[in-house]
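Residue numbers (the working numbering), protein chains in the order written: chain A, 3 to 238; chain B, 14 to 219. Ideal placement from N, C-alpha and C gives every residue a C-beta, glycine not left out.
So this is what it looks like as structure tokens:
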């Protein structure tokens, strides 16, 4: 099958290719299907993309859906609905629709306009989820302000990121707003730090330092740290 | 379309499942998105479900989940009917559509011996609308045209067909899952939920 290579500046219509490599500025008008899409410069696609593997080192803008098995974003990317098996982000990604992945490893930032579904959601970056974050395992290390309207899952763990020293430095410069804000958090096993939420519901709930929570409802176990502000906690 | 609702809390209590299970099933598409009805209550946001539908669905999932994987169960609830086709004779024999409806279709789209699932659904909606006695044959023709044009855009949503008349002039409305309000002079003659009809059709085709 043919390759599509744009070095310098060029444009192409969509189609089916083996490798697609953009080292410069490229524009693709139409749907694109390929085995590996690699962007080292800037790419604009006016259409949907289906690829086995996607690597973005520069910037990529997709007007449509992005569907792949493996996506690695080290630069910036924006797209409509994004679906893939493993998604690694050490740059910044914007999803103007729903994000559906099996495994997300986030070290940079992601902004999802609608729902985010994942089996494993591992974040040590910054995220904003416009509607529901639904994941089997949610493991968050906070390095900034993260937001999700609702969070639901089986195991949810949220902790402060960074070493004690780093946190001290940050607090000296009044940059200590490492929190996760959500309206509702629901799950089986919850272990939370630095959460601001209206309602937290779960089977086993541990509320740690820096939390501000209106209502905690738990089925089996509940423990609250001294440094946590919980207006009301009740057993269901 | 008033229906009895059940809160998420009550649902978990009654069925004995956990939050995690409910979210996992939602992720695996075992529970349709539009059954999650979000409402503001005095304790903040709460989620409600159509009571009978969700209880039935959860009992089914519980009874199947020991033998089948979640993906297999999902396929069971959402069989891939897009591939299904039926011959004209088959549709007539199974009482899915009447000869009259097939004739209207043939007039508009030419002679066809085999129908795709989408076409069968359009015919089925027309059949139901005609059976209700609220629309005339001419209006039925208009309805089929409307369905052919727009039904694709309603796929997967809780669509509704509304037939109204005002001062003797009739019109069809195909609406997504939103509430519609009419001016007082409008006569709403017919409202059909497309999702319900789809389920009914599925049962008949099995």
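- Going by DSSP, residue 134(B) is part of no beta strand (DSSP E) but of the alpha helix (DSSP H) stretching over 130-144.
- With fewer than 16 neighbouring CB atoms inside 10 Å of its own CB, residue 55(B) falls in the exposed class.
- The DSSP-derived three-state label of residue 166(A) is helix.
- Beta-carbon to beta-carbon, residue 141(B) and residue 210(B) are separated by about 6 Å, close enough to satisfy the 8 Å threshold.
- Relative to the Cα of residue 228(A), the nearest Cα in the group 210(A), 237(A), 220(A) and 215(A) belongs to 210(A).
- Residue 138(B) is classed as buried because its beta carbon has at least 16 other beta carbons within 10 Å across all chains shown.
- With fewer than 16 other Cβ atoms inside 10 Å of its own Cβ, residue 165(B) counts as exposed.
- Listed by position along chain B, the residues whose Cβ is nearer than 7 Å to that of residue 203(A) are 32.
- When DSSP states are grouped into helix, strand and coil, residue 28(B) belongs to the helix group.
- Only buried fits residue 190(A), as 16 or more other CB atoms lie within 10 angstroms of its CB.
- Using a Cβ-Cβ distance cut-off of 8 Å, the stretch 110-119 of chain A and the stretch 85-96 of chain A are in contact, since at least three pairs of beta carbons, one from each stretch, lie closer than that value.
- The continuous alpha helix (DSSP H) containing residue 209(B) extends over residues 207-218.
- Taking C-beta atoms as the reference points, residue 163(A) and residue 134(A) fail to come closer than 8 Å.
- Chain B places a beta carbon closer than 8 Å to that of residue 186(A), counting this residue as a contact.
- Collapsing the DSSP output to three states places residue 72(B) in a helix.
- Among the residues facing chain B, residue 136(A) is included, as its CB has a counterpart in that chain under 8 Å away.
- DSSP places residue 114(B) in the uninterrupted alpha helix (DSSP H) bounded by 112-122.
- Contacts with chain B (Cβ-Cβ distance below 7 Å) from the stretch 110-127 of chain A involve 119, listed in chain order.
- Distance between residue 214(B) and residue 109(B), taken at the CA atoms: about 8 Å.
- Secondary structure remark: continuous beta strand (DSSP E) runs of at least 3 residues inside the stretch 135-223 of chain A, in chain order: 148-162, 182-194 and 197-209.
- Take the alpha-carbon of residue 151(A) and the one of residue 129(A): they are about 11 Å apart.
- The beta carbon of residue 190(A) sits closer than 8 Å to some beta carbon of chain B.
- Here residue 237(A) is bridged, per DSSP, to 220(A).
- Closest in C-alpha terms to residue 24(A), from the list 32(A), 165(A), 49(A) and 56(A), comes 56(A).
- Rounded to the nearest angstrom, the Cβ distance from residue 49(A) to residue 60(A) is 19 Å, too far for a contact under 8 Å.
- Under the DSSP assignment, residue 14(A) falls in the beta strand (DSSP E) whose first and last residues are 6-18.
- Straight through space, the alpha carbons of residue 185(B) and residue 156(B) are spaced by roughly 7 Å.
- The beta-carbon of residue 36(B) is placed less than 8 Å from the nearest beta-carbon of chain A.
- Here residue 121(B) is exposed, its C-beta having fewer than 16 other C-beta atoms within 10 Å.
- When DSSP states are grouped into helix, strand and coil, residue 84(B) belongs to the helix group.
- Per the coordinates, the alpha-carbon of residue 172(B) lies some 27 Å from the alpha-carbon of residue 81(A).
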